[in-house]
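Numbering (the numbering used here), first residue to last: 41 to 142.
Even for Gly, the Cβ is constructed at its ideal location relative to N, Cα and C.
These notes concern the structure reproduced below.
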């Protein structure tokens, strides 16, 4: 059994008890949230939503807040004395699939 869910603007293929990381949702650690289900597969039966399945539900539990690896960038223009360095670290959350129903 698996489902394809949408969190924010990204889609994830999830199975029961799976742990994965996604962009920060704004839910505090220890709480649960329900995700929009786009596709639900149970053995040989596949249900596809248009765009989402009515009545299908995937419950996720927030395990921890974390950060992605740092991305470094650098701008440079020769002979103009222009240099600019920057960095970014994406805020993530580790989520666990509690149940898939539909």
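Looking at the DSSP output, residue 111 shares a beta bridge with 128.
For residue 85, the uninterrupted beta strand (DSSP E) segment begins and ends at 85-88. Boundaries of the beta strand (DSSP E) around residue 54: 50-54.
In this chain, the beta strand (DSSP E) harbouring residue 78 covers 72-82.
Taking every protein chain shown into account, the CB of residue 96 has 16 or more other CB atoms within 10 angstroms, so this residue is buried.
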